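Numbering of the sequence shown is given in the numbering used here, commencing with residue 20 and proceeding in unit increments. First the structure, in the form of structure tokens, and then the observations on it.
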Amino acid sequence: MLTEHSLNFLVVEDSPLSNQFICNMLRDLGHQVVGQAYNAQEALELTLRLKPDIVLMDLQMPDPLTGHDDERAGIKGTRAIQAHRPTPVIALTAYESAELIREASEAGVGAYLIKPPDIYAIERAALVAYARFKDQQTLQRLNEALQREIAIREQLEARLQEYTDQLERKVVEKLYELEQEQAKVIHLDKLAALGEMATGIVHELVQPLSAISYEADYIKLLIEQAETPGILSPQEWENLRKIGENLKEDLARCKRLIDHLRTFGRSANIPPIPVDLNQPIYASLMLVNVRLGHRNVDLQLHLAEHLPPILADPYKLEQVFLNLISNAEYALEQQRRVAPAGYQKTLTITTQTVGEMVEATVHDNGCGIPPEAQERLFQPFFTTKPQGEGTGLGLSISRRIVTEFGGTLTCESVVGEGTKFTLRFPAFRSEN
Ligand SMILES: Nc1ncnc2c1ncn2[C@@H]1O[C@H](COP(=O)(O)OP(=O)(O)OP(=O)(O)O)[C@@H](O)[C@H]1O
Ligand SMILES: [Mg+2]
């Protein structure tokens with residue numbers, strides 16, 4: 020025996036004599052013969068039942084149904100065995116033809132031997148076929164394991180990709196939130212710095228400006244009195260008068276800026292007191308009522324009586340209403356320029372109690388605000404007014420004041436229809 024372990028053979032040979040002869044020789048070499056078959060059908064049955072290591076298969080055998088010789092019976096049997104229980108098969112044949120060899124090898128025959136069989140050749144072929152078969156099985160198992168591993172890796176990769184995507188989305192979201200937070204902090208920082216600066220600037224500006232204002236008045240007066248023909252040409256007098264007027268206008272603009280800055284710079288430490296929300300509305304109207312009349316604004320007041328008080332600084336609230344009314348006036352004038360005849364500028368101011376809140380609205384039927392501007396409305400220095408006419412601080416300061424007293428300031432607007440600002444404050448209910 021050429022190997023340490025003996026092999027289990029199934030011998031398939033239609034001639035009982037040859038069959039027995041081969042079996043005896045195999046046993047003499049130390050191998051086992053687990054079964055003997057005499058046609059292809061038996062070969063398959065015994066292979067399934069006895070599970071031999073090697074099938075030694077005659078190729079030409081009689082068909083058990085017809086009794087006729089079939090030179091491909093062994094090839095068919097091999098095919099059936101490989102389909103049901105893959106086992107190494109060695110072909111034994113009396114004929115040698117290229118076609119038969121090719122067919123046999125396609126069917127799964129591992130070696131092809133010519134009769135009469137040389138027992139040593141059979142043993143060598145059996146060993147090689149058996150070893151190759153075992154290698155193939157190992158390879159197949161490895162391959163299957165590899166496929167399983169690939170599948171698992173693919174699954175893991177897919178999951179990893181999913182996690183990565185999720186993580187990326189989260190990072191983007193967080194970054195966005197962070198940017199928003201940062202923008203808020205910068206905004207607040209800016210406002211705080213501005214607040215500090217404002218007090219100083221106002222203080223520094225008030226003195227020289229009131230002096231300039233006084234001097235401008237005096238220059239204007241002098242110009243009017245000195246209008247003597249001959250000294251200056253009429254055009255030059257006219258120019259001088261214009262300069263005087265411009266001076267007044269520029270000063271008025273400076274005063275507006277200072278007014279904004281004054282409220283802005285007001286210390287937030289003044290403790291808020293209970294205020295009837297109607298009170299700052301009346302106070303601001305006292306200042307602008309006449310101007311509204313001149314500008315043909317129909318003022319509609321719907322102020323609820325007996326509002327619960329809110330906790331606030333009434334002067335700061337007055338400034339908020341002045342800002343809102345001044346903005347409304349501007350928007351009404353803008354609209355008048357493009358509106359059809361019969362347009363009536365209308366400004367409606369209301370107050371009412373809404374649950375635990377006290378609400379005021381300032382509503383105009385002016386030009387309205389386009390959506391992209393609405394987003395930036397409360398940002399400091401956002402203005403659509405021509406350069407020099409607006410500071411863009413009115414609304415940002417107003418909102419800061421309102422939030423300082425626990426309230427909200429919001430805006431709804433439709434271009435060409437008008438704008439409504441809504442202020443809401445928590446009602447102050449005293450304990451006693
Ligand atoms: N009632 C309104 N109708 C239409 N647009 C408005 C109204 N109120 C505010 N706006 C828009 O918001 C912008 C910002 O207003 P904000 O009061 O902050 O500054 P401003 O009015 O431009 O400057 P300032 O208050 O110094 O005069 C205005 O320029 C204007 O475009
Ligand atoms: Mg304004």
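From the three backbone atoms N, C-alpha and C, an ideal C-beta is built for every residue, glycine too. Just so we're clear, the structure is a prediction, and the values are computed from it rather than from any experiment.
Taking the alpha carbon of Gly263 as the reference point, which residue from Gln244, Leu240, Ile277, Lys274 has its own alpha carbon closest?
The count along the sequence shown starts at 1 and reaches residue 263 at position 244. Of Gln244, Leu240, Ile277, Lys274, the residue nearest in Cα terms is Leu240.
Should Lys364 go down as buried or exposed, given a rule of 16 or more other Cβ atoms within 10 Å for buried?
Here residue 364 refers to the residue found at position 345 of the sequence shown. Result: buried.
Mapping DSSP to helix, strand and coil, what is Asn297?
Position 278 of the sequence shown, counting from 1, holds the residue named residue 297. Correct three-state label for Asn297: helix.
What did DSSP end up calling Thr85 once you bin it into helix, strand or coil?
To locate residue 85, count along the sequence shown from 1; it is residue 66. In the structure shown, Thr85 sits in coil (DSSP, three-state: anything other than H, G, I, E or B).
Confirm, please, whether the CB-CB distance from Val377 to Leu296 is below 7 Å.
As a first step, residue 296 is located in the sequence shown; it is residue number 277 there, counting from the start. As a first step, residue 377 is located in the sequence shown; it is residue number 358 there, counting from the start. Yes, the pair counts as a contact, with Cβ atoms nearer than the cut-off.
When we look at the beta-carbon of Ala230 and count the other beta-carbons within 10 Å, is it buried (16 or more) or exposed?
By 1-based counting over the sequence shown, the position of residue 230 is 211. Label assigned to Ala230: exposed.
Same chain, Cβ closer than 8 Å to Val433, five either side skipped, listed in chain order
In the sequence shown, the residue the question calls residue 433 occupies position 414. If we look at Val433 and ignore the five residues flanking it on each side, its Cβ neighbours are Gly387.
What are the boundary residues of the alpha helix (DSSP H) that includes Gln135?
Along the sequence shown, read from residue 1 onward, the residue named residue 135 stands at position 116. Before going further, note that residue 135 is Pro rather than Gln in the sequence given. Taken as a continuous stretch (DSSP letters only), Pro135 belongs to no alpha helix (DSSP H), as it is neither H nor E.
As an exercise, report each continuous alpha helix (DSSP H) stretch of at least 4 residues that is fully enclosed by the stretch 297-331, in chain order.
297-313
Would DSSP call Ile388 helix, strand or coil?
Counting from 1 along the sequence shown, the entry for residue 388 is found at position 369. Residue state, collapsed to three classes: coil.
Give me the residue from Val294, Tyr349, Pro291 with the minimum Cα distance to Arg310.
Along the sequence shown, one-based indexing puts residue 310 at 291. Closest by alpha carbon: Tyr349.
Between Gly387 and ligand 2, is there a pair consisting of the residue's CB and a ligand heavy atom that are separated by less than 6 Å?
Translated into positions along the sequence shown, residue 387 becomes position 368. Answer for Gly387: no, Cβ out of range of ligand 2.
Can you tell me whether DSSP reads Leu111 as helix, strand or coil?
On the sequence shown, residue 111 is found 92 positions in, with the first residue counted as 1. Three-state DSSP puts Leu111 in a strand.
By the three-class DSSP mapping on this structure, what secondary structure does Ser449 have?
Locating residue 449 in the sequence shown gives position 430, where the first residue counts as 1. Here Ser449 sits in coil by DSSP.
Determine the contact status of Ile329 and Phe444, defining contact as a CB-CB distance below 7 Å.
Locating residue 329 in the sequence shown gives position 310, where the first residue counts as 1. Locating residue 444 in the sequence shown gives position 425, where the first residue counts as 1. Contact flag set, yes.
Inter-stretch contact (C-beta, 8 Å, three-pair minimum) for the stretch 117-134 and the stretch 80-95:
yes
Please name the residue or residues paired with Gln371 in a DSSP beta bridge.
The residue you call residue 371 lines up with position 352 of the sequence shown. In the DSSP output, where bridge partners are listed per residue, Gln371 has Glu378.
Cβ-heavy atom distance, Ala347 to ligand 1, below 6 Å:
As a position in the sequence shown, residue 347 is number 328, starting the count at 1. Yes, since a heavy atom of ligand 1 falls inside the 6 Å radius drawn around the Cβ of Ala347.
Sequence-distant residues of the same chain with beta carbon closer than 8 Å to Thr372, five excluded per side:
As a working mapping, residue 372 is identified with position 353 in the sequence shown. Hits under 8 Å: Ala323, Leu326, Pro327, Glu378, Ala446.
Quick one, are the C-beta atoms of Thr66 and Ile100 less than 7 Å apart?
Translated into the one-based positions of the sequence shown, residue 66 becomes position 47. Translated into the one-based positions of the sequence shown, residue 100 becomes position 81. Yes. Within cutoff.
Taking the straight line between their C-alpha atoms, what separation do you get for Glu142 and His103?
Here residue 142 refers to the residue found at position 123 of the sequence shown. Here residue 103 refers to the residue found at position 84 of the sequence shown. Computed Cα separation, rounded: 25 Å.
Do three or more CB pairs link the stretch 68-85 to the stretch 136-155 at distances below 8 Å?
yes
What whole-angstrom Cβ distance do Ala347 and Leu366 have, given they're in contact under 8 Å?
As a working mapping, residue 347 is identified with position 328 in the sequence shown. As a working mapping, residue 366 is identified with position 347 in the sequence shown. Indeed, because the Cβ distance is near 5 Å, the residues count as touching under 8 Å.
Closer than 6 Å to a non-hydrogen atom of ligand 1 - does that hold for the CB of Lys404?
Along the sequence shown, read from residue 1 onward, the residue named residue 404 stands at position 385. Because some heavy atom of ligand 1 lies under 6 Å away, the Cβ of Lys404 counts as near it: yes.
Hey, how far is the Cα of Ser449 from the Cα of Tyr334?
Along the sequence shown, read from residue 1 onward, the residue named residue 449 stands at position 430. Along the sequence shown, read from residue 1 onward, the residue named residue 334 stands at position 315. Their backbone Cα atoms lie some 22 Å apart in a straight line.
Measuring straight from C-alpha to C-alpha, what distance separates Ala287 and Asp332?
Residue mapping note: residue 287 aligns to position 268 of the sequence shown, counting from 1. Residue mapping note: residue 332 aligns to position 313 of the sequence shown, counting from 1. Because the pLDDT at Ala287 is just 47, under 50, the model does not fix this residue reliably, and the point stays unresolved.
Mind checking whether His50 and Leu26 have CB atoms under 7 Å apart?
Indexing the sequence shown from 1 puts residue 50 at position 31. Indexing the sequence shown from 1 puts residue 26 at position 7. Yes; because the gap between Cβ atoms is below 7 Å, this pair is in contact.
For ligand 1, any of its heavy atoms closer than 6 Å to the Cβ of Ala235?
Along the sequence shown, read from residue 1 onward, the residue named residue 235 stands at position 216. Every heavy atom of ligand 1 is 6 Å or more from the Cβ of Ala235, so no.
Do Val31 and Asp77 have their CB atoms nearer than 7 Å?
Here residue 31 is taken as the residue at index 12 of the sequence shown, counted from 1. Here residue 77 is taken as the residue at index 58 of the sequence shown, counted from 1. Contact: yes.
Is Leu228 near ligand 1, with its Cβ less than 6 Å from a heavy atom?
Counting from 1 along the sequence shown, the entry for residue 228 is found at position 209. False, no ligand heavy atom lies under 6 Å from that Cβ.
7 Å Cβ cutoff met for Leu414 and Val421
The residue labelled residue 414 in the question sits at position 395 within the sequence shown. The residue labelled residue 421 in the question sits at position 402 within the sequence shown. Taking 7 Å as the Cβ cut-off, Leu414 and Val421 do not qualify as a contacting pair.
If you draw a straight line from the C-alpha of Ser116 to the C-alpha of Val52, how long is it?
Walking along the sequence shown from the start, residue 116 turns up at place 97. Walking along the sequence shown from the start, residue 52 turns up at place 33. So the alpha carbons of these two residues sit roughly 29 Å apart.
Within 10 angstroms of its Cβ, does Ala56 collect 16 or more other Cβ (buried), or is it exposed?
In the sequence shown, the residue the question calls residue 56 occupies position 37. With 16 or more Cβ atoms within 10 Å of its Cβ, Ala56 is classed as buried.
For a test of your reading of the model: does the CB of Asn384 fall under 6 Å from any non-hydrogen atom of ligand 2? Yes or no.
Position 365 of the sequence shown holds residue 384. Answer for Asn384: no, Cβ out of range of ligand 2.
To which residues does DSSP link Ile292 through a beta bridge?
On the sequence shown, position 273 is the one that residue 292 refers to. In DSSP, Ile292 forms a bridge with Ala331.
beta-carbon Gly409 near ligand 1 non-hydrogen atom, thresh 6 Å
As a working mapping, residue 409 is identified with position 390 in the sequence shown. Yes, Cβ of Gly409 sits closer than 6 Å to a heavy atom of ligand 1.
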